[in-house]
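Participant: After the structure tokens below, expect a handful of questions from me.
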Amino acid sequence: MKPSSVRGSSSAAMGRSSTRRAWQRRRLPSATAMLGYLKRLATTGAAYQAADVVSRVFALVTLPLYLHHVSDADYGVAEVVVTAVVLASIPLRLGLGEAFVRFWYLDEDPARRRRLARTTTAAVFWVTTLAGVVALPFAGPLSEALLGRHDAVVLGFGLLGLWAFANLEVGKALLRVEERWRAFLVATVGNVTLTVALTVALVVIRDEGARGLVAGNFVASAVTVVVLGVVLRRYVGLLPSRAALAPLLRFGLPTVPADAAAFALNVIDRAYLLRADSAGAAGRYSLSVKVASVVIVAVRGFQYAWPPLAYSVTDDEEARRLYGVVTTWFLAVTGLVVAALTLLGRWVLRLFFPAQFLGAFDALPWVALGWALSGLFLVYVVVAGRLRVTARNVPAAVAGLAVNVVLLVLLVGPLGIAGAGIALCAAYVVMLGVLHALTRRRFAIAFEWGRLARLAAVLGGGAVAGELLLPTSGAGGLAARAALTAALPVLLLASGFLSPEERERARSVAPLGWPRRRRERRRQERHTTGEV
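Take a look at the structure:
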């Protein structure tokens, strides 16, 4: 063979290799891009979390005041009504809120966006108004079916809540797409403040029990809807556009069964405990959900911030890696919170709540874990939305709901409210498995299995070991568990959890990295000026 031909073959191979490397560089998102996406998600999520944090802290601080004036049974009844209202609002919203957010980012024309918003607000307003008017005469029978007792008043306020909650969610969607997080914060905190004031007046002063809890919640929400309607009046309509409504319904309606089935997990457990165990058990379980609010805050911020970011990444390879990185960090944050609640939850309950509610801890770790898994389910919901196969959410949600019902029947008897928490976690695991199987061929998320294994070993193993081995009462038990909780992030970092790019980024922003950066700047300045 001639040397020239060898050189030619070598050059061609090198050319193909360099072309392949260049193609890979174009296809694979850089670490800098991933960190930029994470920063954007964290910043946007934090803006919405600020509203949730302030409102939930306010609500949790005042919750012990209510619970000293109502029984655990009254609290259980109120929570069953509230969760049933949220469930009923899902089909009445027709999936329009989710569809509105998706379509908003597909068209940048202001006039068409305004028509989209007016169509959404008008459709939800009329559907919920008519549903409330039709159901109001049947409030008594509905209360017997739901609560096992006749209370038309509490169901009447529940129907007001049905209208208020559905329209409030649409109003929040309008604020989200415009990224008006300050207005979102004001609306959320204002709603909670009014709720607290009304509930104190009705429960503490007037001793209205469950009726006061439900009325305080939903009257405040109705007032907030009216105020938001004035603030967002350019987007509020009374006559939906048929041309705009049709595509919204085609996207949104297939999401309704899945959303309803997924949220039904939050209704069926309390309703089953109310009937199969007692109203008190439903109340204690509901309190475990309230104490797990710190996980819910993370999930809620993720729910609001994740879809706009996920849909904005158009390249599938980049999106696959982004979804995997986001999953890792979401589970890292929520996993730390779940571990902390598992180790320290007993002391939180003893510090803030009456003695009859201390049994809420039995379900607390499981409920917190279930909420964390629900956030992971949102990743797959966005995948289905990205592929425009939202109907595939339905079998996943139905399978999870079926597992939840079966396990409630099997576990609540021997395990009480802990059995309900375990059933919730199992349901979300099944939902994740089914939706993964239905979407992986068209969009396979690039999960970081090594880092996920470290999370499970350090956070899961640490929480389980601490719960089994450390004291459950006393100052010594509190100190030991607090020390373990503080050590978990350190152990996670020591396990090699951070990627090289993340470690470098952490060094660059850490206080210990400041002297090094100053030395580098001085060297650069000396080099520029010619100093030795």
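Take the numbering used here: the final residue in the sequence shown is number 548, and no numbers are missing along the way.
All C-beta atoms, glycine included, are put in the ideal place defined by N, C-alpha and C.
#1: List the whole-angstrom C-beta distance separating R467 from F513, where the pair is believed to meet the contact cut-off of C-beta under 8 Å.
#2: I need the boundaries of the alpha helix (DSSP H) containing G156, first residue and last residue.
#3: Under the rule that 16 or more other beta-carbon atoms within 10 Å means buried, what is W465, buried or exposed?
#4: Any beta carbon from chain B within less than 8 Å of P487's own beta carbon?
#5: With a threshold of 16 other CB atoms inside 10 Å of the CB of V242, please say whether the residue is buried or exposed.
#6: What do you get for V186, buried or exposed, if any count of 16 or more other CB atoms within 10 angstroms of its CB means buried?
#7: Could you give the distance in angstroms between the alpha-carbon of A481 and the alpha-carbon of A498?
#8: Which residue wins for smallest C-alpha separation from G490, given the options E517, L367, A510, A436?
#9: From the DSSP output, in three-state form, read off T488 for me.
#10: So, is F346 buried or exposed, given that buried needs 16 or more other C-beta atoms within 10 angstroms?
#11: Which ranges would you report for the alpha helix (DSSP H) in the segment 235-315 if only whole runs of at least 4 residues count?
#12: Please work out which residues of its chain come closer than 7 Å, Cβ to Cβ, to L427, disregarding the five sequence neighbours upstream and downstream, and give them in chain order.
#13: For the structure I just gave you, are there three or more beta carbon pairs, one from the segment 110-130 and one from the segment 79-89, closer than 8 Å?
#14: Count the other CB atoms, across all protein chains shown, that sit within 10 Å of the CB of P263; report buried if there are 16 or more and exposed otherwise.
#15: Candidates A297, L359, H166, H84: which alpha carbon is nearest L576's?
#16: Can you name, in chain order, every residue of its own chain whose Cβ lies under 7 Å from the Cβ of L504, other than the five neighbours on each side?
#17: Figure out for me which residue from L261, A180, V212 has the closest Cα to the Cα of F141.
#18: Put P381 into one of helix, strand or coil per three-state DSSP.
#19: Hey, out of E95, V310, A418, G228, whose CA is closest to L214's CA?
#20: When burial is assigned at 16 or more other CB atoms within 10 Å of the CB, is P273 buried or exposed?
#21: Under the three-state reduction of DSSP, which class applies to L424: helix, strand or coil?
#22: What distance in whole Å lies between the Cβ atoms of V170 and A226, which are believed to be in contact at a cut-off of 8 Å?
#23: If we ignore side chains and look at the alpha-carbon of each, how far apart do T204 and A379 end up?
#24: State the CB to CB distance for the pair F173 and A231, rounded to an integer number of angstroms; the pair is presumed to be in contact (CB under 8 Å).
#25: Could you check if Y339 is buried or exposed, using at least 16 other CB atoms within 10 Å of its CB as the buried criterion?
#26: May I ask which residues mark the beginning and end of the alpha helix (DSSP H) holding I433?
#27: Tell me where the alpha helix (DSSP H) around I106 begins and ends.
#28: Using 8 Å for Cβ pairs, my map puts F369 next to L83. What's the rounded Cβ distance?
#29: Contact between the segment 408-427 and the segment 449-461: three or more CB pairs below 8 Å?
#30: With A298 and V98 assumed to form a contact (beta carbons below 8 Å), what rounded beta-carbon distance in angstroms separates them?
#31: Among the candidates F377, L357, V364, S515, whose CA atom is the shortest distance from the CA of T501?
#32: Just verifying my parser: in three-state terms, what is the DSSP assignment at F369?
#33: Measuring alpha carbon to alpha carbon, tell me which residue in V399, T271, A442, N183 is nearest N420.
#34: Tell me whether E464 sits in a helix, a strand or coil according to DSSP, three-state version.
#35: On a CA-only basis, which of L290, R523, F373 is nearest K306? Give me that one, please.
#36: Taking the straight line between their C-alpha atoms, what separation do you get for D167 and A94?
Facilitator: So, from the listed chains and residues:
#1: Confirmed, about 6 Å.
#2: 155-163
#3: exposed
#4: Among the chains in the structure shown there is no chain B, since it carries only a single protein chain.
#5: Counting the other CB atoms within 10 Å of its CB gives V242 a total below 16, which places it among the exposed residues.
#6: buried
#7: In a straight line, the C-alpha of A481 is about 14 Å away from that of A498.
#8: For G490, the nearest C-alpha among the options comes from L367.
#9: coil
#10: buried
#11: 258-268, 271-288, 295-307
#12: G435, I438, A439
#13: no
#14: exposed
#15: Absent from the model: residue 576. The displayed extent of the chain is 17 to 548, so no value can be given.
#16: L352, A355, V474, L475, G478
#17: A180
#18: It is helical.
#19: G228
#20: buried
#21: helix
#22: A226 to V170, Cβ: 6 Å. Contact.
#23: 28 Å
#24: 5 Å
#25: buried
#26: 433-455
#27: 88-109
#28: 6 Å
#29: yes
#30: About 12 Å separates the beta carbon of A298 from that of V98, a gap too long to meet the 8 Å contact definition.
#31: L357
#32: coil
#33: Of V399, T271, A442, N183, the residue nearest in Cα terms is A442.
#34: coil
#35: F373
#36: 12 Å
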